[in-house]
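Shown next, in structure tokens, is the structure this report addresses.
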Amino acid sequence: MITNRVIELLAPAKNADYGIEAIKHGADAVYIGAPRFSARAAAGNDISQIERLVQFARFYRARVYVAINTILLDSELIEVEKIIHNLYKIGVDALIIQDMSILKMDLPPIALHASTQTDNRTPEKVSFLTQNGFRRVILARELSLDAISEIHSKCPNTELEAFVHGSLCVSYSGQCYASQLCYKRSANRGVCAQFCRLPFTLSDANGKIIVEDKHLLSLKDMIRGDYLEEMLDAGIISFKIEGRLKDISYVKNVTGYYNNLLNSILERRKEYKRGSSGSIRLKFEPNPYKSFNRGFTNYLLNGKKDDIASFDTPKSIGEYMGTVTYSGPGWLMVRDGSRFSNGDGLCHFDSKGVLRGYRVNRVEGEKLSLYIDNTEVFDKNDLTIEPGTKIYRNFDHEFEKTLSKESAEREIDVRLELSQNSEGFRLDIVDSDGVEAYALLTYMKERAQSPQKKNIIKQLSRLGNTGFRAEEVIINMEDEWFIPSSLLSSLRREVIKALIEARKNGYMALPANYRNNVADYPESKIEYTGNVMNHKAKSFYRERGVSDIAMAFEIEPVDNAVVMYCEHCLKYAFGWCTKHKGAVSPYNEPYYLISPYGKRFKLLFDCENCRMLVKASDDI
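For the sequence shown, the positions run 54 to 673 when the working numbering is used.
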């Protein structure tokens with residue numbers, strides 16, 4: 054059982070600079086894409102950049118995890134193996150993977166994390182992955198607290214990671230094939246076309262239109278700040294923020310937000326401790342509503358619930374600012390106009406539910422003059438916004454301006470003690486992790502003619518941009534000795550250099566536990582949803598008792614296949630769920646989703662398991 058109770062805040066890194074900022078703002082670990090083969094193909098990074106991030110992270114004992122979590126072609130396996138060895142050489146802490154062929158490679162002793170793309174929803178699946186060498190399993194976003202607790206109780210030796218913030222996929226991760234079917238862009242190959250964010254028309258079996266031109270598969274974004282302690286108690290040790298394609302201000306703001314929340318919990322819960330070193334001082338007040346969001350939901354953490362979808366738009370709406378009190382052509386008034394700034398981005402939903410966006414040109418008291426770049430933003434008759442309309446701000450100019458600068462400091466507290474010896478002086482240092490170092494100054498002692506304590510403390514406390522902060526300076530000497538400030542500065546630099554080296558030497562790599570592990574797969578058959586794309590992955594499952602293995606959808610497309618497996622259900626959303634709401638739909642099943650390009654998808658409802666399946670359909 055995991056007993057050290059070390060927890061981490063895990064933040065996204067689009068590149069090394071983003072990862073560095075995430076650590077500065079409170080991340081205990083960051084995840085970043087490999088040069089190739091990550092589930093965000095647009096966020097790949099070369100080895101030198103990842104190494105730069107690793108070197109920065111090591112100082113704070115933060116971890117760097119690299120995603121190689123696509124499924125792989127046979128022709129790619131040799132390259133992947135080389136990349137993994139290079140990542141190990143530069144000190145990467147763990148790999149996030151999906152393709153089981155990697156466990157058949159000649160691997161260095163590097164820890165493995167099972168990507169959420171491996172569809173981790175049951176104790177049986179998590180146990181299988183653990184027995185076959187995964188140190189950590191990243192759970193499906195759909196799991197409730199009860200489901201997480203059950204997995205933890207049955208797999209107590211497995212580190213469990215869960216998402217707490219960011220965009221939501223409507224289908225189980227790793228189980229979505231719509232993008233591949235429609236655009237030949239595989240989500241499991243890192244090039245998802247975001248099919249789920251499109252507008253759809255919903256019709257019934259008779260062709261009657263139920264809903265027209267709405268984003269029926271688009272979910273709101275996840276926020277779980279109010280549930281971190283409950284997730285801790287359920288067994289989660291890593292809290293993951295989504296967003297390797299988000300901008301730098303998102304990373305700073307959201308990381309800072311969750312860092313503050315976790316610290317407040319740990320002030321009460323002493324059995325837990327953070328996985329990295331240093332204290333963070335933010336130069337702004339974090340507010341997740343000021344970063345990209347489609348509206349927020351805690352999703353299914355407490356079970357099935359209404360209002361998890363964002364039918365009107367897949368775009369960011371930001372923070373609610375109030376309602377329009379008065380308006381005219383190109384201007385509006387909202388109470389407390391002092392909250393706004395020139396350059397703010399605002400938006401509202403019009404009478405048809407369409408999101409309209411614009412910028413503030415000038416703030417004059419409560420009156421906001423607007424840029425009118427596109428007259429479709431406003432009512433075409435008088436170019437005004439109706440009083441009572443809810444206004445949202447999806448770009449806070451002043452907030453973004455603050456985050457565009459240095460917006461956080463992270464420092465490790467140290468205690469310094471200066472003492473005398475027969476040859477001169479000795480400076481000892483110990484940091485908040487208990488790492489110790491010392492430096493010696495050979496110098497002929499001479500008595501001072503005036504008190505020296507104030508100057509010694511001043512000189513030894515000048516740690517500048519070293520990443521350390523002098524919490525305490527102790528002077529332990531028998532007499533008032535004169536030491537030139539230049540020598541004190543030199544001694545301080547030497548002891549800091551020694552401490553950095555001691556921290557580097559004391560860094561503990563994560564143990565790898567995958568060698569020679571073979572445990573049977575819970576089932577004897579794997580269909581296309583198993584995402585087996587190469588001969589090594591196929592061999593992996595055969596060795597583990599699977600006799601019937603279908604190839605991945607990308608290799609062997611299945612006619613009229615289910616292309617999405619969703620716990621978001623349109624019957625539930627519209628109030629027609631017989632199981633939970635005791636209601637009956639006024640429309641005849643089956644229902645069909647019709648894409649903007651005319652392609653039809655049949656909806657199947659697995660009510661026993663509370664799931665909606667989206668099936669490619671040629672039905673007329």
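Backbone N, C-alpha and C fix where the C-beta goes; we use that ideal spot for every residue, glycine too.
Item, Value
"Kindly indicate which three-state DSSP category residue 82 falls into: helix, strand or coil?", "strand"
"In whole angstroms, what separates the C-alpha of residue 509 from that of residue 69?", "38 Å"
"How is the alpha helix (DSSP H) around residue 513 delimited, first residue to last?", "506-514"
"Any contact between the region 122-136 and the region 570-577? By contact I mean 3 or more CB pairs, one from each, below 8 Å.", "no"
"Return the first residue and the last residue of the beta strand (DSSP E) that residue 646 is part of.", "644-647"
"Give, in chain order, every unbroken run of the alpha helix (DSSP H) that is at least 4 residues long and sits entirely within the region 98-183.", "100-112, 130-142"
"Quick check on residue 571: does DSSP put it in helix, strand or coil?", "coil"
"Check whether the region 297-309 touches the region 330-348, counting contact only when three or more Cβ pairs, one atom from each stretch, lie closer than 8 Å.", "yes"
"Using only the alpha-carbon positions, how far apart do residue 380 and residue 388 sit?", "12 Å"
"Using beta-carbon positions only, say whether residue 621 and residue 213 come within less than 9 Å of one another.", "no"
"Which one of 562, 552, 505 has the shortest CA to CA distance from residue 541?", "505"
"Assess, as a yes-or-no matter, whether the region 595-612 is touched by the region 232-250 under the definition of 3 or more beta carbon pairs within less than 8 Å.", "yes"
"Using beta-carbon positions only, say whether residue 95 and residue 298 come within less than 9 Å of one another.", "yes"
"Following the continuous alpha helix (DSSP H) through residue 658, name the residue where it begins and the one where it ends.", "First-last for residue 658: 653-659, but that is the beta strand (DSSP E), not the alpha helix (DSSP H)."
"Let me confirm a value: residue 122 is counted as buried when at least 16 other C-beta atoms fall within 10 Å, else exposed. Which label applies?", "buried"
"Within 10 angstroms of the Cβ of residue 658, are there 16 or more other Cβ atoms? Answer buried if so, exposed if not.", "buried"
"With a threshold of 9 Å between beta carbons, is residue 286 in contact with chain C?", "In the structure shown, chain C cannot be found, because there is only a single protein chain."
"When burial is assigned at 16 or more other CB atoms within 10 Å of the CB, is residue 374 buried or exposed?", "buried"
"Can you list, in chain order, the residues of its chain with a C-beta nearer than 8 Å to that of residue 81? Leave out the 5 residues immediately preceding and following it.", "60, 61, 62, 63, 115, 116, 327, 328, 329"
"When you compare the CB positions of residue 191 and residue 173, do they come within less than 9 Å of one another, or not?", "yes"
"Go ahead and pull the three-state DSSP assignment for residue 341.", "helix"
"Under three-state DSSP, which class holds residue 603?", "coil"
"How many whole angstroms separate the CB atoms of residue 466 and residue 522, which I take to be in contact at a CB cut-off of 8 Å?", "6 Å"
"Give the single residue among 105, 382, 648, 344 whose Cα lies nearest to the Cα of residue 421.", "382"
"Could you check what DSSP says for residue 389 in three-state terms: helix, strand or coil?", "coil"
"For the beta strand (DSSP E) containing residue 473, list its first residue and its last residue.", "461-474"
"Exposed or buried, which one is residue 262 when buried takes at least 16 other CB atoms within 10 Å?", "exposed"
"Looking only at its own chain, which residues have a Cβ that is under 7 Å from the Cβ of residue 354, when we skip the five neighbours before and after it?", "197, 198, 277, 280"
"Name the residue from 364, 204, 496, 635 whose alpha carbon lies nearest to the alpha carbon of residue 267.", "364"
"Is the beta carbon of residue 110 less than 9 Å from the beta carbon of residue 86?", "no"
"Excluding the 5 residues flanking residue 524 on each side, which residues of the same chain have their C-beta closer than 7 Å to its C-beta?", "466, 467, 468"
"Return the chain-ordered ranges of every beta strand (DSSP E) run that is complete within the region 289-317 and spans a minimum of 3 residues.", "289-294"
"What separation, rounded to the nearest whole angstrom, lies between the Cα atoms of residue 97 and residue 125?", "16 Å"
"For residue 637, count neighbouring C-beta atoms within 10 Å of its own C-beta (all shown protein chains included) and say buried if the count is 16 or more, exposed if not.", "exposed"
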